[in-house]
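In full-length UniProt numbering, the protein residues as written are 1 to 974.
Note that beta-carbon positions come from the ideal geometry of N, C-alpha and C, so glycine has one too.
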Amino acid sequence: MDFVNWNYKTLEDMNKALEKAWEELKAAAPDRECDCRALQTSDFGMLLGDRFAKTGAAADIDEAIRFGRRALAETSGPEDRIKPDKPGILNKLAMLLVDKSNSIGGADELNEAIGLHKQACQIAQFFGSKGLPDPNWSMYSAKFALALWIRHKRTGEPTDLDDAITLGRYVAATAEKDHPNRAEWVVDFGIALVRRHSITKRKADLEEGCKAQREALASMEEDYDAKAGLLTRIGTALRSLYRETNAINYLEKAIKVNWDALMLTSRDGDDRADLLNDLGLCMADKYERTKLMADLREAVSMERKALALTPSNSPERPTRLDDLGSALRLQFFQTREMNDLGEAINAHRRAVAAEPTDGPEFATFLNNLADALSERQAVDATPESDSDRTCWLRDLGIALDVRYSTVGAMDDREGALAWHLSALHRPNSPVTQRILAGIPIVAISTDNQQVYEAAKAIVDLVPALISKSLSVDDQEWVLGPVVGLASDAAAAALQVGKPPMAALSLLEKGRSIITAIVDDTPTGLADLRRGYPRQAKRFLRLRGELQRCSNPGTPLEQHDVVRKKFDHLLSEIRTIPEFTDFLLPPGEAEMREAAQHGPIVVINVSRIRCDAFLIERRQVRVVELPGLSRAEIARRQRQTILSARVNLEWLWDTVASPVLNALGLTGPPSDGDWRRVWWIPTGVLSSFPIHAAGYHGDGSDNTVIDRVMSSYACSVKSIISIRRKPSRWSGTGVLVGMGDTPDYSPLPHAAQEVAELHTLFQDLSLRPVQPEPNRKAVMSQLKGCSVFHFAGHGFTDIAPSDSQLLLRDWKEDPLRVVDLAQPDTDGRYPFLAYLSASGVTRHESSHHETFQLISSCQLAGFRHVIGTLWKVNGRMRVDVARLVYENIRVGAVTDEAVCRALHAATRQHRTDWLEAELLEEGTPATTNDGGSSAGQQEASYIDECHDPQPLAGNGGQYWLERPPLWASFVHFGA
């Protein structure tokens with residue numbers, strides 16, 4: 001049955017088709033010679049790709065590509081036996097890769113797709129029936145041209161545009177006149193020609209492009225209700241004709257076509273953002289002709305809506321931001337409202353930040369930003385006492401730096417730094433504006449002393465900035481960068497000769513923001529509320545006022561009064577003996593005391609240098625990490641699987657080995673008394689499994705797991721804070737299993753996991769409770785519980801305070817992670833949260849570290865949290881959970897017992913993984929903890945999540961890249 005050509009009216013229809021296709025695929029003969037099986041496999045991948053287009057679920061497109069690759073493998077064979085379905089299967093896989101590339105902006109996927117499209121065209125040209133080209137050759141060529149066009153738009157590579165035009169010309173000449181997609185292909189060909197004319201000014205391209213577009217439009221006259229995607233292309237073609245000819249009829253027709261297309265598109269339709277953006281551009285063009293404010297307001301409105309529908313990781317987002325900025329600048333010229341210009345500058349600045357520096361539009365976006373900032377009169381016209389003056393000083397600095405980037409005059413760079421410094425050091429100005437002014441100093445200055453002083457000034461401003469009233473955008477553009485800036489501050493401090501403690505203190509101040517984003521109540525505020533409610537109430541009120549004073553237009557005198565009151569209150573609170581460090585980083589004595597149960601290792605990643613701060617009972621010292629760089633970490637994060645063997649070995653060489661050797665931890669404990677180490681990675685390193693680093697399977701002890709037990713933390717202060725909170729191990733253990741979650745894939749092992757733990761909880765002197773899986777029922781059981789075990793789905797939001805565990809009513813009444821840790825009537829917090837959750841990251845940012853459900857939960861108040869960094873097979877989650885609780889049961893329930901239990905469970909699975917991985921005539925891998933007979937079981941766990949691939953051969957040995965699923969399990973805790 002041809003499922004790919006079904007018309008799916010609803011997501012339910014699509015899911016039913018997928019279920020039917022899956023049943024037919026499983027029933028197909030597994031014989032590799034069966035042509036129908038390869039085609040069915042490919043079509044099943046396309047169905048998944050269709051669902052991805054509908055829902056945006058990343059798992060669908062990844063699975064779709066996996067099935068596409070499997071189908072392609074089934075068509076492999078000698079050149080003289082190429083199967084007739086191979087060009088189509090190549091083409092479909094390439095289309096899926098293009099879809100993924102469009103969703104994440106990935107260059108690797110797009111490059112691979114282009115190679116596959118080329119193969120499809122080459123095979124189709126020579127291996128059609130009876131020696132003639134494949135009848136689908138035109139379609140393959142059109143898709144090939146489209147992929148080249150997409151790459152040209154991203155990179156500006158002229159040969160891609162030339163090749164796309166050559167293919168397009170062939171398609172226009174050879175495609176059957178009545179082919180349903182011919183008009184679409186010809187429109188694309190015309191758009192490419194007009195694009196090349198805009199670059200080369202070659203008149204022949206414009207004439208041919210206009211002719212092609214007119215031909216396509218003529219063929220559409222009788223079929224004006226065509227699908228919205230084609231109308232979108234036609235609207236783009238009409239606007240390009242208007243821009244080249246200035247013929248108003250083209251613009252009017254473009255507006256009409258786009259409106260018609262918009263009416264055919266659902267509110268969540270894939271093309272809606274494109275249509276809204278095109279309409280905005282058309283209305284801005286129309287305003288330039290009519291000078292009617294109604295047209296301009298419509299343009300701004302359309303651009304706002306288009307941007308709102310554009311995902312943050314979309315390759316189109318920088319262009320949408322730039323288009324919105326341009327429309328707002330036009331509006332500013334009419335209204336002279338400074339808010340319009342300020343918003344335009346912000347949009348242009350974000351466009352520049354989002355576009356790769358080697359992207360084809362980067363220079364254009366820079367120039368547009370420079371234009372928006374070029375009105376120096378704005379500063380001269382703004383009174384010295386006006387809070388907006390700080391904004392304009394900052395913007396002038398940006399403008400000069402933009403000009404430096406394009407012209408290269410050092411006077412501009414020095415001027416930019418001077419303006420930024422002037423804005424940063426205006427003591428009565430809003431905190432937010434001062435921080436935004438200071439951030440570029442750290443980024444562009446080559447003077448380490450200047451970087452240190454600016455970064456220190458910014459970090460010292462942080463306590464007054466932390467507020468729940470900040471929007472997610474504010475967190476993204478203000479708080480997020482400060483976390484990374486603190487790393488640069490610490491690195492610069494070391495570069496200019498400051499002692500380790502001075503550098504670490506700066507880093508800790510910045511990292512306090514992580515706690516603040518998870519919870520708007522600073523460390524100690526809950527205690528302040530209980531013991532000194534009057535001061536706590538004043539603190540919350542003044543902090544809110546201070547944030548509101550950061551709004552543009554607020555008189556500086558008002559801001560200054562509130563700031564002085566806030567500073568005075570902080571001084572008053574710090575006179576109370578138990579609150580001397582309120583909103584302050586811990587001092588050296590506190591940090592060294594925090595290392596009483598084992599060293600704390602803070603790994604600082606900065607563009608300046610990378611170091612490990614070693615906090616021990618007797619000292620705080622620094623170990624330089626010359627082999628580590630922020631660029632290399634980012635490259636590995638983008639291009640590799642984090643748990644790949646090559647990364648585990650790289651982590652050992654660059655981070656773990658230098659640190660453990662410096663700590664004297666050079667081998668396994670001889671007496672079985674394991675040492676603990678707390679790891680606090682920063683920046684992009686935070687998503688890497690340092691606890692799993694090493695050379696596994698070679699019989700040596702060059703691994704972290706064979707030398708120490710690992711725990712993680714967000715900051716040193718978070719360790720100190722969680723230890724101060726009284727906890728409990730008595731009473732109830734709350735068990736929640738979500739085998740079926742609305743809109744998420746089923747987790748068939750969740751019920752088994754909860755059932756097995758029910759008995760174990762009783763053995764641990766816990767009364768197991770299984771509430772109904774809704775927020776109200778779960779929250780009612782959490783207050784007073786000791787252990788919370790969740791087996792289900794969860795996701796991590798850009799604002800970690802919005803991260804949640806998904807229950808049956810997650811859409812109506814979400815269970816936020818920060819709400820989980822409820823103190824009992826005696827102020828005691830739960831002891832352990834075990835998140836056996838299949839986490840989904842909703843939003844990621846280059847500014848933010850990887851916030852996991854686990855770290856958010858620990859910051860919320862649980863003394864210990866166990867969870868996974870990435871997807872793990874359901875049966876393995878059951879087994880590890882069972883092992884952890886069985887190991888805790890062995891002795892007294894202590895802080896170390898939790899860490900020791902997870903360490904023992906993961907070591908056992910590490911051994912099993914090695915047995916499953918090394919295949920040599922039945923000989924198991926060599927390990928230093930005695931080996932295991934569970935390799936086959938471990939292989940079955942892995943194979944359910946991953947298709948192992950041979951990496952290298954040596955005689956009878958073949959290493960298979962089976963991912964170390966055990967490395968996903970981590971412990972955050974006291």
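Query	Result
Cross-strand partners of Leu614 (DSSP beta bridge)	Val601, Arg621
Met591 in three-state terms, based on DSSP	helix
Reduced DSSP category for Phe44 - H, G, I as helix; E, B as strand; rest coil	helix
Residue from Pro964, Gln781, Leu869 with nearest C-alpha to Gln908	Pro964
Span of the alpha helix (DSSP H), counted from its first residue to its last, around His691	Run containing His691: none; DSSP gives neither H nor E here.
Endpoints, alpha helix (DSSP H) assigned at His789	Premise fails: His789 lies in the beta strand (DSSP E), 785-796, not in any alpha helix (DSSP H).
The alpha helix (DSSP H) enclosing Ile641, as first and last residue numbers	Segment: none, Ile641 is in no alpha helix (DSSP H) and carries neither H nor E.
Cβ distance (whole Å) where Thr310 is taken to contact Ala273 below 8 Å	5 Å
Cβ shell of Thr174 (< 7 Å), same chain only, five flanking positions each side left out	Ser138
Leu110 versus Gln781: straight-line alpha-carbon distance, rounded	50 Å
Environment of His568 [buried if 16+ CB atoms lie within 10 Å]	exposed
First and last residue of the uninterrupted alpha helix (DSSP H) at Leu628	Unbroken run through Leu628: none, as it is neither H nor E.
Of the listed residues Val562, Val194, Arg877, Trp870, nearest to Val902 (C-alpha basis)	Correcting the residue identity first, residue 902 is Leu in this sequence and not Val. Nearest option by C-alpha distance: Arg877.
Element boundaries [beta strand (DSSP E), containing Ile680]	675-681
Same chain, Cβ closer than 7 Å to Leu307, five either side skipped, listed in chain order	Arg320, Leu321, Leu324
Check whether Asp401 and Asp412 have beta carbons under 8 Å apart	yes
Selected residue, minimal CA-CA separation from Trp870, among Gln822, Ala204, Pro689	Pro689
Limits of the unbroken alpha helix (DSSP H) element including Ser101	86-104
Paired residues, beta bridge with His971 - DSSP	Ile866
Candidates Asn604, Glu208, Ala536, of which the one nearest Pro500 by Cα	Asn604
Rounded separation between Glu886 and Ser718 - CA only	28 Å
Collapsed DSSP secondary structure at Arg907 in the structure displayed	helix
Between the CA atoms of Phe862 and Pro742 - distance to the nearest angstrom	27 Å
Cα-Cα separation between Pro552 and Tyr250, rounded to whole angstroms	Per-residue confidence for Pro552 stands at a pLDDT of 49, beneath the threshold of 50, marking its modelled position as unreliable; the derived number appears in the next sentence. Spanning the two alpha carbons is a distance of roughly 42 Å.
Residues sharing a beta bridge with Met709, DSSP	Arg676
Euclidean distance between Cα positions of Gly115 and Lys92	13 Å
Cβ pair count under 8 Å reaching 3, the stretch 143-156 against the stretch 346-355	no
The stretch 663-673 / the stretch 583-594 touching (three or more Cβ pairs under 8 Å)	no
Own chain residues within Cβ distance below 7 Å of Trp966, not counting five before or after	Thr906, His909, Arg910, Trp913
Contacts around Trp477, its chain only, beta-carbon distance under 7 Å, and the 5 residues preceding and following it disregarded	The pLDDT assigned to Trp477 is 46, lower than 50, so where the model puts this residue is not dependable, and the model offers no usable value.
Neighbourhood of Leu148 by C-beta, 6 Å cutoff - its chain only, sequence neighbours within 5 removed	Asp160, Asp163, Ala164
Straight-line Cα distance separating Leu542 from Arg529	15 Å
Residues that DSSP places opposite Ala833 in a beta bridge	Phe788, Val865
Option in Met95, Arg154, Phe539 with minimal Cα separation from Tyr140	Met95
Cα-Cα separation, Gly105 to Arg317	10 Å
Alpha carbon of Trp729 to alpha carbon of His864, nearest angstrom	12 Å
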